[in-house]
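Listed in order, the protein sequences are those of chains C and D. Heads up: the first sequence is residues 1 to 479, going by UniProt numbering. Heads up: the second sequence is residues 1 to 479, going by UniProt numbering. Ideal Cβ positions, reconstructed from N, Cα and C, are used throughout, including at glycine.
Number of protein chains: 2
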Amino acid sequence: MRVPSFRPLAAALLSTALLAASPAFSQSREAAPLSAAALEQAAQLRERATQDGTAYGLIESLTTEIGPRLPGSEADARAVAWAKARLEALGYDKVWTEPVTFPKWERRSEHAAVVGAHAQPLVITALGGSPAGDVTAELVRFDSVAALEAADPATLRGKLAFVDVPMARSRDGSGYGAAGPVRGRGPSIAARKGAAGYLMRSISTSPHRVANTGITRFDADVTPIPSAALSLPDADQLARLLTRGPVQVHLALDVGWNGEYTSQNVIGEITGREAPGEIVLIGGHLDSWDLGTGAVDDASGVGITMAAGHLIAQLPQRPRRTVRVVAFANEEQGLLGARAYAEAHGGADVIAQHIVGAESDFGAGRIYGFNTSAPAGQRATSDAIAEVLRPLGIDYLQDKGGPGPDISPLAAKGGAWGWLGQDGTDYFDLHHNANDTFDKVDPDAVAQNTAAYAVFAWLAAESEGGFGSAPKTEATPEH
Amino acid sequence: MRVPSFRPLAAALLSTALLAASPAFSQSREAAPLSAAALEQAAQLRERATQDGTAYGLIESLTTEIGPRLPGSEADARAVAWAKARLEALGYDKVWTEPVTFPKWERRSEHAAVVGAHAQPLVITALGGSPAGDVTAELVRFDSVAALEAADPATLRGKLAFVDVPMARSRDGSGYGAAGPVRGRGPSIAARKGAAGYLMRSISTSPHRVANTGITRFDADVTPIPSAALSLPDADQLARLLTRGPVQVHLALDVGWNGEYTSQNVIGEITGREAPGEIVLIGGHLDSWDLGTGAVDDASGVGITMAAGHLIAQLPQRPRRTVRVVAFANEEQGLLGARAYAEAHGGADVIAQHIVGAESDFGAGRIYGFNTSAPAGQRATSDAIAEVLRPLGIDYLQDKGGPGPDISPLAAKGGAWGWLGQDGTDYFDLHHNANDTFDKVDPDAVAQNTAAYAVFAWLAAESEGGFGSAPKTEATPEH
Numbered sequence: 001m002r003v004p005s006f007r008p009l010a011a012a013l014l015s016t017a018l019l020a021a022s023p024a025f026s027q028s029r030e031a032a033p034l035s036a037a038a039l040e041q042a043a044q045l046r047e048r049a050t051q052d053g054t055a056y057g058l059i060e061s062l063t064t065e066i067g068p069r070l071p072g073s074e075a076d077a078r079a080v081a082w083a084k085a086r087l088e089a090l091g092y093d094k095v096w097t098e099p100v101t102f103p104k105w106e107r108r109s110e111h112a113a114v115v116g117a118h119a120q121p122l123v124i125t126a127l128g129g130s131p132a133g134d135v136t137a138e139l140v141r142f143d144s145v146a147a148l149e150a151a152d153p154a155t156l157r158g159k160l161a162f163v164d165v166p167m168a169r170s171r172d173g174s175g176y177g178a179a180g181p182v183r184g185r186g187p188s189i190a191a192r193k194g195a196a197g198y199l200m201r202s203i204s205t206s207p208h209r210v211a212n213t214g215i216t217r218f219d220a221d222v223t224p225i226p227s228a229a230l231s232l233p234d235a236d237q238l239a240r241l242l243t244r245g246p247v248q249v250h251l252a253l254d255v256g257w258n259g260e261y262t263s264q265n266v267i268g269e270i271t272g273r274e275a276p277g278e279i280v281l282i283g284g285h286l287d288s289w290d291l292g293t294g295a296v297d298d299a300s301g302v303g304i305t306m307a308a309g310h311l312i313a314q315l316p317q318r319p320r321r322t323v324r325v326v327a328f329a330n331e332e333q334g335l336l337g338a339r340a341y342a343e344a345h346g347g348a349d350v351i352a353q354h355i356v357g358a359e360s361d362f363g364a365g366r367i368y369g370f371n372t373s374a375p376a377g378q379r380a381t382s383d384a385i386a387e388v389l390r391p392l393g394i395d396y397l398q399d400k401g402g403p404g405p406d407i408s409p410l411a412a413k414g415g416a417w418g419w420l421g422q423d424g425t426d427y428f429d430l431h432h433n434a435n436d437t438f439d440k441v442d443p444d445a446v447a448q449n450t451a452a453y454a455v456f457a458w459l460a461a462e463s464e465g466g467f468g469s470a471p472k473t474e475a476t477p478e479h
Numbered sequence: 001m002r003v004p005s006f007r008p009l010a011a012a013l014l015s016t017a018l019l020a021a022s023p024a025f026s027q028s029r030e031a032a033p034l035s036a037a038a039l040e041q042a043a044q045l046r047e048r049a050t051q052d053g054t055a056y057g058l059i060e061s062l063t064t065e066i067g068p069r070l071p072g073s074e075a076d077a078r079a080v081a082w083a084k085a086r087l088e089a090l091g092y093d094k095v096w097t098e099p100v101t102f103p104k105w106e107r108r109s110e111h112a113a114v115v116g117a118h119a120q121p122l123v124i125t126a127l128g129g130s131p132a133g134d135v136t137a138e139l140v141r142f143d144s145v146a147a148l149e150a151a152d153p154a155t156l157r158g159k160l161a162f163v164d165v166p167m168a169r170s171r172d173g174s175g176y177g178a179a180g181p182v183r184g185r186g187p188s189i190a191a192r193k194g195a196a197g198y199l200m201r202s203i204s205t206s207p208h209r210v211a212n213t214g215i216t217r218f219d220a221d222v223t224p225i226p227s228a229a230l231s232l233p234d235a236d237q238l239a240r241l242l243t244r245g246p247v248q249v250h251l252a253l254d255v256g257w258n259g260e261y262t263s264q265n266v267i268g269e270i271t272g273r274e275a276p277g278e279i280v281l282i283g284g285h286l287d288s289w290d291l292g293t294g295a296v297d298d299a300s301g302v303g304i305t306m307a308a309g310h311l312i313a314q315l316p317q318r319p320r321r322t323v324r325v326v327a328f329a330n331e332e333q334g335l336l337g338a339r340a341y342a343e344a345h346g347g348a349d350v351i352a353q354h355i356v357g358a359e360s361d362f363g364a365g366r367i368y369g370f371n372t373s374a375p376a377g378q379r380a381t382s383d384a385i386a387e388v389l390r391p392l393g394i395d396y397l398q399d400k401g402g403p404g405p406d407i408s409p410l411a412a413k414g415g416a417w418g419w420l421g422q423d424g425t426d427y428f429d430l431h432h433n434a435n436d437t438f439d440k441v442d443p444d445a446v447a448q449n450t451a452a453y454a455v456f457a458w459l460a461a462e463s464e465g466g467f468g469s470a471p472k473t474e475a476t477p478e479h
């Protein structure tokens, strides 16, 4: 991860001291929603957090002691117990769990190889949601999902579709959205055309020999086919072999859905001193894929937000509102913990009482941008938070951002979101593959993230103002 | 790989034009062993080679069409056929094979996992030469081979020895020698003390989740034990878990020796016009480990030296002496092709007739240094070669180098060696692991290597002088 330097401490303190007089703040047409004391407290919290190792220690503990945390696995239950015990030890006022039930997908074994004149093994990994299967068939390569979609089914029947789309590296992860349909839609399209199996170039920026998993969902009208991703060098190898002539591949997956499992969202609360029913929600997701130890996806988010709440709990007094930290269950297979949370807590009144939500689920890189969904006329609190974040090297990017994955079900019901945008330049080197391990996490970047989440949660909870959370009706436009 | 810039062509040509007048050359007390025409030809060859894609194409072909080439595997035979066909197509005067018989080692499956409270899978790979085995036992960690050697057998009996020694990154690969005993001697030491199995931190500089194989040999007096290497993140994980308390690991290897196999050294010759019985030998090894496709180890060496010979074969006339290119069989499991070659060709007369030998077996990085084993008073040819190599960014390092692995059996009998030292800073990120694939090879660096080998082989073959090859007697000191 890239580690831009901190601004010097003196400059940071000066910037805070000048805050009340700064143009952005004084020109606001709204009443100042935060006291000078609350802002001073936020600046102190920020400086303390940048020196604090709690988040890094939590990430080390979760990735080391629990390891991979596939939803429904034995480690899922260990992770829930870990999160509950940690929140209790970190000084939260209230800690509880809420059940999340989902189908369980298992990976038992997976192999692939080129057969024939150029016989050689391939590094692959099954996509989550793939059925088991043992297929030997000729490859048919496509350089886009559109090309697959346009293919004559006669050319694909009984064959292995191979969709080979490179992913672009970017700070904001925009390449992921573009590549998403290769995993999300490709398998169903290939199945509908009669393909015997599906291979794809991993959605990854890593030149290393690790393949990237991730969930796929088959449309209801198709029979699922065994589906897997190739490491980038293996995808390149197949493309080169195809220039020599037909290529036969053997794909053998022993994976699949196997019953139901009930996991838990794990929740900790710093109870508000004046408005305990008004909630500022931060969190990450506790589950991970099984190939790495889920360090950047998403032990980091869990550690950063748990530590941010812990630092707030250590302040002389509770914030005005409640700060709630959620370690969501099973994000990876369809935001299942987040959907359960929104269903349990998403009534009309409750949406208005979820003042704002922000999830850390884009790795452990430094945060470079901040924004919220607050509409014009309700941005005074956002403006104030932006000023306190600035000494961390965080720009106020008022046209950027969105809800984190596990905030999106609440946001769909009208809940406001905060965005603390992490530098994801290297994120897709690690995301969903075996290289997502603790050694890739930079402690200084984690401390900067913790500072940002602590400032955000503290000021959002201390503020007299809000971010525009309101149950959506037909008259309410999308943010 | 790092790619320093070439010196401009004009400077290179100037340097050649000034060669005869250069102090290093003119101050030599030996007779000039090379004609101006030969030196001019060498300079032209150098410039042509830096623009030539033959080596890169050979590396692409071998790694793509054959893939991994484990000695004794089905791919071993395909690689031999490939090398023979390529040498024939590249204009060599004579192409033949010589048999190399060795025991065959197979890797069928390998798994390891932490069991118990922190259960999680581990990325490991069996060491070549390991027996099969299925062991669940407590880890005992050592931070050096010396510490293992000092251990009381009572503390190790029935347990898994875990030797956790980091490797230093360096340009000249010196960290490899220091780490070598962890793989070479560690398993036998652990077996002698009654350990049930052996785990080691990979001899690697890669932070990625790939483990490095490599041969180990058990001493005759011990019963071999299942032995494997961990990826660096996995070794770190075990070290962290051990700070929490005892750690049990399950290690299951289905690997082992299985009969004998006869492979081939593949040899091509550009027959000398005046002294065909005097041989300048260059080469690489055709086999590889099975985890990657053996791109830097050692398709690169095979491609570079085959292409260098090809470029010499295209010159208007044959060199004075013979240039012989050897693609050695089974280097990885004990220089077995090289030993067979030295046995077949290492008679007293033949050693004197092997004027000099140089192997490319340290990856595909740029060559930064040149030397030979020629003793004082016999360095005129070496001095002349060094001058022609200089425009490639190659320094004449008269206290550095040694014979490549497959040259060492000849060198042990008194054969002279040439050293074209490659930048190995990144070599141990790839060596013996799954990441050793074609995409890691830089075409410009390969062309620079080809130019260096072509210049070396051409001038050594064209020279009237030698490098001091002479059968060793008790009176002959080691180089």
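Local conformation of residue i per DSSP, three classes
{"i": "C/G256", "result": "strand"}
{"i": "D/S372", "result": "According to the sequence as given, residue 372 of chain D is Thr; it is not Ser. Reduced to three states, the DSSP call for D/T372 is strand."}
{"i": "C/T262", "result": "strand"}
{"i": "D/P8", "result": "Residue placement at D/P8 cannot be trusted, given a pLDDT of 35 that sits under 50; the coordinates are not used to answer."}
{"i": "C/R244", "result": "coil"}
{"i": "D/V296", "result": "helix"}
{"i": "D/R141", "result": "strand"}
{"i": "C/I394", "result": "coil"}
{"i": "D/D134", "result": "strand"}
{"i": "C/S285", "result": "Correcting the residue type first, residue 285 of chain C is His in the shown sequence and not Ser. Here C/H285 sits in strand by DSSP."}
{"i": "C/Q333", "result": "coil"}
{"i": "C/F218", "result": "coil"}
{"i": "D/T322", "result": "strand"}
{"i": "C/V165", "result": "coil"}
{"i": "C/F328", "result": "strand"}
{"i": "D/G158", "result": "coil"}
{"i": "D/A384", "result": "helix"}
Within chain D, partners of residue i - CB distance below 9 Å
{"i": "C/P233", "result": "G292, T293, A434, N435, T437, F438, D439, K440"}
Proximal residues of chain D, C-beta to C-beta of residue i below 8 Å
{"i": "C/L156", "result": "What C/L156 touches in chain D: nothing, since even the nearest Cβ is about 25 Å away."}
{"i": "C/V210", "result": "H208, R209, V210"}
First through last residue of the beta strand (DSSP E) which encompasses residue i
{"i": "D/Y198", "result": "197 to 201"}
{"i": "C/E106", "result": "94 to 115"}
{"i": "C/P121", "result": "120 to 122"}
{"i": "D/S227", "result": "227 to 230"}
Start-to-end residues for the alpha helix (DSSP H) that takes in residue i
{"i": "D/D444", "result": "443 to 462"}
{"i": "D/W82", "result": "74 to 89"}
Closer than 7 Å at the beta carbon, the chain D residues around residue i
{"i": "C/P207", "result": "D439"}
Inter-residue CB distance, residue i and residue j (contact presumed, cutoff 8 Å)
{"i": "C/Q264", "j": "C/V100", "result": "6 Å"}
{"i": "D/H431", "j": "D/V296", "result": "7 Å"}
{"i": "D/R318", "j": "D/I270", "result": "6 Å"}
{"i": "C/I312", "j": "C/A452", "result": "Actually they do not touch by this definition, with Cβ atoms about 13 Å apart."}
{"i": "C/F362", "j": "C/I385", "result": "Incorrect: roughly 19 Å between the Cβ atoms, too far for contact."}
Distance cut-off 8 Å: residue i Cβ against heavy atoms of the ligand ZN
{"i": "D/G393", "result": "Among the ligands in the structure shown, none appear at all, so the ligand ZN cannot be discussed."}
Handout entry: Members of the stretch 106 to 120 of chain D that neighbour chain C once the beta carbon cut-off is set at 7 Å
Key = The stretch 106 to 120 of chain D vs chain C, Cβ under 7 Å: H118, A119, Q120.
Exercise for the section: Return the residues of the stretch 235 to 246 of chain D that lie within a Cβ-Cβ distance of less than 8 Å from chain C, sorted by chain order. Expected result: So the close ones are D236, Q237, R240, L241, R244.
Handout entry: Contacting positions in the stretch 118 to 146 of chain C - beta carbon closer than 9 Å to chain D
Key = Those residues of the stretch 118 to 146 of chain C that come within reach of chain D (Cβ to Cβ, closer than 9 Å) are H118, A119, Q120, P121, V123.
Practice task
Return the residues of the stretch 47 to 80 of chain C that lie within a Cβ-Cβ distance of less than 9 Å from chain D, sorted by chain order.
Solution key: Result list: E60, T63, T64, E65, I66, G67, P68, E74, A75, R78.
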